[in-house]
Amino acid sequence: MRASTASFPASSRPWPFLAWQLGVIVVVLAAVWNGPGWGSMWGAGIALLVGWLEPRRWHVALGLRKRVDWRRVVLFGLVAGLVQLLLVKVVLTPMIEHLTGQRRDLSMFDHLRGNWHALFAMLPIVWVSAGFCEEVVFRGIVLGRLRMALGGSRIATAAAVVASCIVFGLAHGYQGLAGWILTGILGGVLALIYVLSDYCLWYGIALHLVYDTLATASITLGYDRTLAAWGAHLFG
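650 is the number that this note's numbering gives to position 71 of the sequence shown; each next residue is one higher, with no gaps.
Written out as structure tokens, the structure reads:
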């Protein structure tokens with residue numbers, strides 16, 4: 580991917596540049612919410628197409644770098660994914676459910692319980708739609724382009740991080756209030772990883788892939804209920 584547009588104050592941003600970045604964000608998110616099936620795939624597809632066709636002066640790199648330490652990325656994903664799973668299941672989910680008085684609704688995945696065929700059929704979809712496409716959309720597009728549209732400063736970065744968290748949480752609204760809050764927090768973690776890795780998307784993708792794989796497999800194995808029971812002892 581091409582290097583991102585250089586940072587300079589929002590007040591000096593050309594209006595066409597600002598309008599273009601906001602327009603790309605709106606179009607991509609519209610595809611996510613309105614596209615048939617797994618909307619994130621449509622959103623990511625449009626994002627990649629725009630990045631390929633748009634004028635260089637308006638281009639903002641997603642962070643899909645060709646040169647990266649893949650062993651470091653894989654190791655990070657494995658360790659961070661496992662740690663996040665334990666924190667989510669044992670600490671964050673029961674704490675948020677306790678504070679909101681509502682359960683996180685993951686009933687749409689109940690068909691995976693004890694069903695290995697369903698698990699193996701769903702995992703490739705999860706890897707592509709969530710692990711890859713959601714990172715492209717919510718970190719690469721929403722965070723990356725909004726940050727540059729606002730000028731690329733620290734304040735602009737902070738605002739873009741918050742916005743990406745909110746939108747990421749809303750995209751998981753089917754999980755109810757507790758799920759919206761939780762995924763917003765997880766979106767914040769992924770956003771910080773994106774920023775701290777100098778806007779390299781692969782670290783977030785690796786974490787997302789490992790976490791979603793473990794979380795989905797834990798439902799099939801029934802381990803999610805075991806971990807939830809541990810959390811219940813902490814916040815029950």
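Ideal placement from N, C-alpha and C gives every residue a C-beta, glycine not left out.
Excluding sequence positions up to five away, which residues of its chain have a Cβ less than 6 Å from the Cβ of residue i?
| i | result |
| --- | --- |
| Ser776 | Tyr782 |
| Asp803 | Ser797 |
| Gly810 | Val669 and Pro673 |
| Met620 | Ser708 and Cys712 |
| Ala697 | His690 and Leu691 |
Would residue i pass as a contact of residue j if the rule is Cβ separation under 9 Å?
| i | j | result |
| --- | --- | --- |
| Leu608 | Val716 | yes |
| Gln663 | Leu765 | yes |
| Ser743 | Leu725 | yes |
| Ala807 | Thr679 | no |
| Trp695 | Thr792 | no |
| Val774 | Ala659 | no |
| His787 | Gly719 | no |
| Leu627 | Glu714 | no |
| Phe814 | Glu676 | yes |
| Val629 | Val603 | yes |
| Trp612 | Ala750 | yes |
| Pro595 | Trp631 | no |
| Val721 | Phe699 | no |
Enumerate in chain order the residues of its own chain whose CB-to-CB distance from residue i is below 7 Å, with the five nearest sequence positions on each side excluded.
| i | result |
| --- | --- |
| Leu729 | Ala589, Ala735, Ala738 and Ala739 |
| Ala794 | Leu664 |
| Gly752 | Trp759 |
| Val652 | Trp781, Tyr782 and Ala785 |
| Trp617 | Ile704 and Ser708 |
| Ile745 | Gly763 |
| Ala610 | Gly618, Trp621, Gly622 and Ile625 |
At the 9 Å Cβ level, is residue i part of the contact set with chain D, yes or no?
| i | result |
| --- | --- |
| Arg726 | Judged by its chain identifiers, the structure shown contains no chain D, having just a single protein chain. |
The alpha helix (DSSP H) that contains residue i, what's its start and end?
| i | result |
| --- | --- |
| Arg631 | Strictly speaking, residue 631 in this sequence is Trp, with Arg absent from that position. Taken as a continuous stretch (DSSP letters only), the alpha helix (DSSP H) holding Trp631 covers Gly618 to Leu632. |
| Arg650 | Trp649 to Leu665 |
| Asp803 | Tyr802 to Phe814 |
| His699 | It is worth fixing the name first, because residue 699 is Phe in this sequence and not His. Taken as a continuous stretch (DSSP letters only), the alpha helix (DSSP H) holding Phe699 covers Trp695 to Val705. |
| Phe747 | Arg733 to Leu749 |
| Glu714 | Per DSSP, Glu714 belongs to no alpha helix (DSSP H) and is neither H nor E. |
| Leu597 | Trp594 to Asn613 |
| Met727 | Gly723 to Ala728 |
| His677 | Thr672 to Thr679 |
| Gly642 | Taken as a continuous stretch (DSSP letters only), Gly642 belongs to no alpha helix (DSSP H), as it is neither H nor E. |
| Tyr753 | No alpha helix (DSSP H) contains Tyr753, which DSSP labels as neither H nor E. |
Leaving out five residues on either side along the sequence, give the residues of the same chain with a beta carbon under 8 Å from the beta carbon of residue i.
| i | result |
| --- | --- |
| Tyr778 | Ser583, Ala640, Gly642 and Gly723 |
| Gln754 | Arg683, Asp684, Leu685, Leu761 and Thr762 |
| Met687 | Tyr753 |
Less than 8 Å between the CB atoms is what I'm expecting for residue i and residue j, so what's the real figure, rounded?
| i | j | result |
| --- | --- | --- |
| Ile625 | Val606 | 6 Å |
| Arg692 | Ile798 | 6 Å |
| Ala785 | Gly656 | 3 Å |
| Met701 | Gln600 | In fact, because the Cβ distance is near 34 Å, the residues do not count as touching under 8 Å. |
- Item | Segments assigned alpha helix (DSSP H), at least 4 residues, entirely inside the segment 752-792 | The segment 752-792 contains these whole alpha helix (DSSP H) runs: 755-775.
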